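A.B. asks: Protein chains in written order, with the UniProt record's numbering: chain A, 1 to 246; chain E, 1 to 246. Backbone N, C-alpha and C fix where the C-beta goes; we use that ideal spot for every residue, glycine too. Note that the structure is predicted; figures quoted are calculated from it, not measured.
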DNA sequence: CGTGAGATTGAACCACTTCAACCACGGTGG
DNA sequence: CCACCGTGGTTGAAGTGGTTCAATCTCACG
């Protein structure tokens with residue numbers, strides 16, 4: 001039932017230096033290599049469901065996923081956007097507290113749960129990397145709380161676009177962007193709304209507003225070109241030296 | 001200039017089984033004992049400032065503190081409420097990304113930064129506990145994002161009171177509360193607003209509304225008695241089996 | 001082409017904010 | 001001992017940003 005992808009060598013892995021394996025030496029890498037398996041799933045696939053057991057932990061190798069919670073009445077909030085090198089799962093706990101859904105076709109580097117927990121226990125380089133990544137995610141989650149709690153719709157959208165631009169650039173290993181940047185939107189307007197705590201209509205209106213103000217271009221439904229990075233950063237309430245945008 | 005408190009034995013420490021030392025054996029504890037120092041500061045003291053270096057990491061032993069960010073125009077968002085056993089500081093990074101302020105008189109169990117980073121490296125029981133605590137905080141931060149992004153003022157306040165009730169009970173080692181519970185508010189209405197992403201006036205109005213609806217009593221400015229835990233949980237959008245409130 | 005899902009736009013509404021007045025209480029000094 | 005502030009909290013009335021409801025548009029895919 002589960003079709004597994006061929007396992008590629010860690011040495012050739014695109015997320016080798018960013019994922020949980022980033023600090024590993026050659027011998028540790030070959031140990032991970034024996035434990036891992038790959039899996040590619042189509043867009044829309046649930047990778048985890050809130051409260052339900054998770055048989056595997058994974059690193060996201062390719063594609064994009066969202067972590068979210070849905071309230072009983074249908075309101076949904078995305079609490080994290082997962083891009084390549086991000087980790088899915090919570091060592092020490094068998095269930096995920098959130099839903100995780102593939103926003104595009106996604107390739108995962110997977111480890112059986114208990115095997116991975118043993119690896120974390122026995123491999124300080126993995127444990128230490130996991131701690132660093134978790135601390136980074138915690139900072140990002142708290143930064144996002146500032147956006148959700150205190151920013152206007154326009155500021156939220158600007159912050160989101162900047163955040164996405166930065167993360168997409170950093171995956172491709174580029175410096176802080178400036179000037180014109182094409183941002184690939186890996187999600188629908190509805191999912192953007194769920195991420196920003198806004199309705200689909202507000203998202204649409206704010207995109208139009210930023211476009212009419214000459215801050216962005218909208219070449220297609222799933223692309224936005226930032227025309228002036230610094231001006232957009234100003235819209236997001238970032239005065240350049242102050243607090244990070246998320 | 002810094003008056004240090006007498007160092008109390010880890011064995012008698014009120015947070016012995018919840019803080020970063022929770023997993024430590026006797027010999028590890030005595031190693032921590034040699035490195036630690038105590039400090040008590042009055043209400044309002046800044047324990048860390050966003051972007052500025054932090055000389056010590058600490059566990060909060062007694063009292064209450066808030067982690068927050070203030071935007072240039074004065075808008076503020078609290079991103080975490082720190083209660084006894086919570087950890088302040090970020091191993092691997094010299095600066096705090098947020099302000100931390102004492103909401104009451106606070107007693108800290110402190111470790112010099114680089115010494116603590118060495119301890120984390122050399123003591124798997126501390127590193128592992130730190131990872132667990134960080135993962136728990138990450139879940140809590142994401143739960144809070146749902147509150148900030150998708151809940152109404154009334155739901156936010158209910159969720160806050162429940163969260164506070166649970167955490168205050170768990171510090172005193174009690175089971176899930178039900179029926180009447182007295183919650184000590186460690187903060188002003190303004191700080192509650194900053195935490196919930198609301199104005200002081202809205203906080204006040206919603207407290208009045210919950211009181212008039214018979215869900216809470218307000219014996220004093222800094223106390224709220226929950227009259228019916230389950231009814232309040234319902235107000236917070238928690239149907240009892242579903243998602244946690246934070 | 002025709003269809004339908006996703007996106008945009010418009011208009012009315014409402015929850016929360018803003019601005020402003022008033023109240024309660026604790027501390028201070030006459 | 002009590003009038004006088006001052007600070008923090010409550011309440012009221014008006015304003016507004018974002019939602020809701022609804023119509024129209026776009027374009028990928030039969």
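From the DSSP secondary-structure annotation, give me the bridge partner or partners of residue 69/E.
C.D. replies: As a first step, residue 69/E is located in the second chain; it is residue number 69 there, counting from the start. Residue 69/E is bridged to 77/E.
A.B. asks: Specify, as a first and last residue, the run of the alpha helix (DSSP H) that residue 180/E falls within.
C.D. replies: Counted from its first residue, the second chain places residue 180/E at position 180. It is not in any alpha helix (DSSP H) - residue 180/E carries neither H nor E in the DSSP assignment.
A.B. asks: Can you name the residues of chain E whose CB is closer than 7 Å to the CB of residue 134/A?
C.D. replies: Within the first chain, numbered from 1, the residue matching residue 134/A stands at position 134. Per Cβ cutoff of 7 Å: 131, 134, 135 and 138.
A.B. asks: How would you list, in chain order, the residues of chain E whose beta-carbon sits under 7 Å from the beta-carbon of residue 98/A?
C.D. replies: In the first chain, counting from the first residue as 1, residue 98/A sits at position 98. 142, listed in chain order.
A.B. asks: Is there a Cβ of chain A sitting closer than 9 Å to that of residue 188/E, yes or no?
C.D. replies: As a working mapping, residue 188/E is identified with position 188 in the second chain. No, residue 188/E lies away from the interface with chain A (no Cβ there is under 9 Å from its Cβ).
A.B. asks: Can you tell me which of the three DSSP states residue 17/E falls into?
C.D. replies: Translated into the one-based positions of the second chain, residue 17/E becomes position 17. Coil.
A.B. asks: Please list, in chain order, all residues of the same chain as residue 165/E whose beta carbon is under 8 Å from its beta carbon, the five residues on each side excluded.
C.D. replies: Position 165 of the second chain, counted from the first residue, corresponds to residue 165/E. Counting only Cβ-Cβ distances below 8 Å, and skipping sequence neighbours, we find 177, 181, 183, 226 and 229.
A.B. asks: Hey, would you say residue 92/A sits closer than 9 Å to residue 77/E, going by beta carbons?
C.D. replies: Residue mapping note: residue 92/A aligns to position 92 of the first chain, counting from 1. Residue mapping note: residue 77/E aligns to position 77 of the second chain, counting from 1. Taking 9 Å as the Cβ cut-off, residue 92/A and residue 77/E do not qualify as a contacting pair.
A.B. asks: Do you know how far the Cα of residue 102/A is from the Cα of residue 45/A?
C.D. replies: Position 45 of the first chain, counted from the start, is the residue given in the question as residue 45/A. Position 102 of the first chain, counted from the start, is the residue given in the question as residue 102/A. For residue 45/A and residue 102/A, the distance between alpha carbons rounds to 5 Å.
A.B. asks: Could you give the residue range of the alpha helix (DSSP H) that holds residue 108/E?
C.D. replies: Taking the second chain and counting its residues from 1, one reaches residue 108/E at position 108. Note, residue 108/E: premise wrong, no alpha helix (DSSP H); beta strand (DSSP E) at 106-112.
A.B. asks: Measure the Cβ-Cβ separation of residue 56/A and residue 112/A and say whether it is below 9 Å.
C.D. replies: Here residue 56/A refers to the residue found at position 56 when the first chain is read from its first residue. Here residue 112/A refers to the residue found at position 112 when the first chain is read from its first residue. Closer than 9 Å, so yes.
A.B. asks: Would you please verify whether the beta carbon of residue 85/E is less than 9 Å from any beta carbon of chain A?
C.D. replies: As a first step, residue 85/E must be located in the second chain, where it is residue number 85. With 9 Å as the cut-off, residue 85/E does not count as an interface residue toward chain A.
A.B. asks: Can you check the UniProt domain "HTH crp-type" (151-230) of chain A for any alpha helix (DSSP H) of at least 4 residues that lies completely inside it and give the ranges in chain order?
C.D. replies: Qualifying alpha helix (DSSP H) stretches, in chain order: 153-171, 189-196 and 200-212.
A.B. asks: Taking DSSP's pairing of strands, which residues face residue 119/E in a bridge?
C.D. replies: Position 119 of the second chain, counted from the start, is the residue given in the question as residue 119/E. Paired residues: none, contrary to the question.
A.B. asks: Locate the alpha helix (DSSP H) running through residue 85/A, then write down its first and last residues.
C.D. replies: For this step, residue 85/A is matched to residue 85 along the first chain. Neither: residue 85/A is in no alpha helix (DSSP H) and is coded neither H nor E.
A.B. asks: I believe residue 158/A touches residue 83/A by the beta-carbon criterion, under 8 Å. Please report the beta-carbon distance rounded to the nearest angstrom.
C.D. replies: For the purposes of this step, residue 158/A is taken as residue 158 along the first chain, with counting starting at 1. For the purposes of this step, residue 83/A is taken as residue 83 along the first chain, with counting starting at 1. At roughly 19 Å, the Cβ-Cβ gap does not stay under 8 Å, so residue 158/A and residue 83/A are not in contact.
A.B. asks: Here's the rule I'm using: 16 or more other beta-carbon atoms within 10 Å means buried, otherwise exposed. How should residue 238/A be labelled?
C.D. replies: Translated into positions along the first chain, residue 238/A becomes position 238. Flag for residue 238/A reads buried.
A.B. asks: Within 9 Å of any Cβ in chain E, is that where the Cβ of residue 41/A sits?
C.D. replies: Stepping through the first chain from its first residue, residue 41/A is reached at position 41. By this cut-off, residue 41/A is not an interface position.
A.B. asks: According to a CB-to-CB cut-off of less than 8 Å, which residues of the region 217-238 of chain A neighbour chain E?
C.D. replies: Answer in chain order: 237.
A.B. asks: How is residue 6/E classed by DSSP in three states: helix, strand or coil?
C.D. replies: For the purposes of this step, residue 6/E is taken as the residue at position 6 of the second chain. The answer is coil: DSSP assigns residue 6/E none of H, G, I, E or B.
A.B. asks: Per DSSP, residue 56/A forms a beta bridge with which residues?
C.D. replies: Numbered from 1 along the first chain, position 56 holds the residue referred to as residue 56/A. Answer by DSSP bridge pairing, in chain order: 112/A.
A.B. asks: Report the neighbours of residue 19/A on chain E: residues whose CB is nearer than 8 Å to its CB, in chain order.
C.D. replies: Walking along the first chain from the start, residue 19/A turns up at place 19. Near residue 19/A there are no residues of chain E at all, since even the closest Cβ is about 16 Å away, more than 8 Å.
A.B. asks: Which same chain residues end up closer than 8 Å to residue 202/E when comparing Cβ atoms and leaving out the 5 residues on each side of it in sequence?
C.D. replies: Position 202 of the second chain, counted from the first residue, corresponds to residue 202/E. Contacts found: 153 and 193.
A.B. asks: Would residue 38/E and residue 7/E qualify as a contact pair, given that the criterion is a beta-carbon distance under 9 Å?
C.D. replies: Taking the first residue of the second chain as position 1, residue 38/E is located at position 38. Taking the first residue of the second chain as position 1, residue 7/E is located at position 7. Yes, they are a contact pair.
A.B. asks: Where do the N-terminal and C-terminal ends of the alpha helix (DSSP H) with residue 27/A fall, by residue?
C.D. replies: As a first step, residue 27/A must be located in the first chain, where it is residue number 27. Looking at the DSSP string, the run of the alpha helix (DSSP H) that includes residue 27/A is 26-35.
A.B. asks: Tell me the residue span of the beta strand (DSSP E) that contains residue 50/A.
C.D. replies: In the first chain, residue 50/A corresponds to position 50, counting from 1. Taken as a continuous stretch (DSSP letters only), residue 50/A belongs to no beta strand (DSSP E), as it is neither H nor E.
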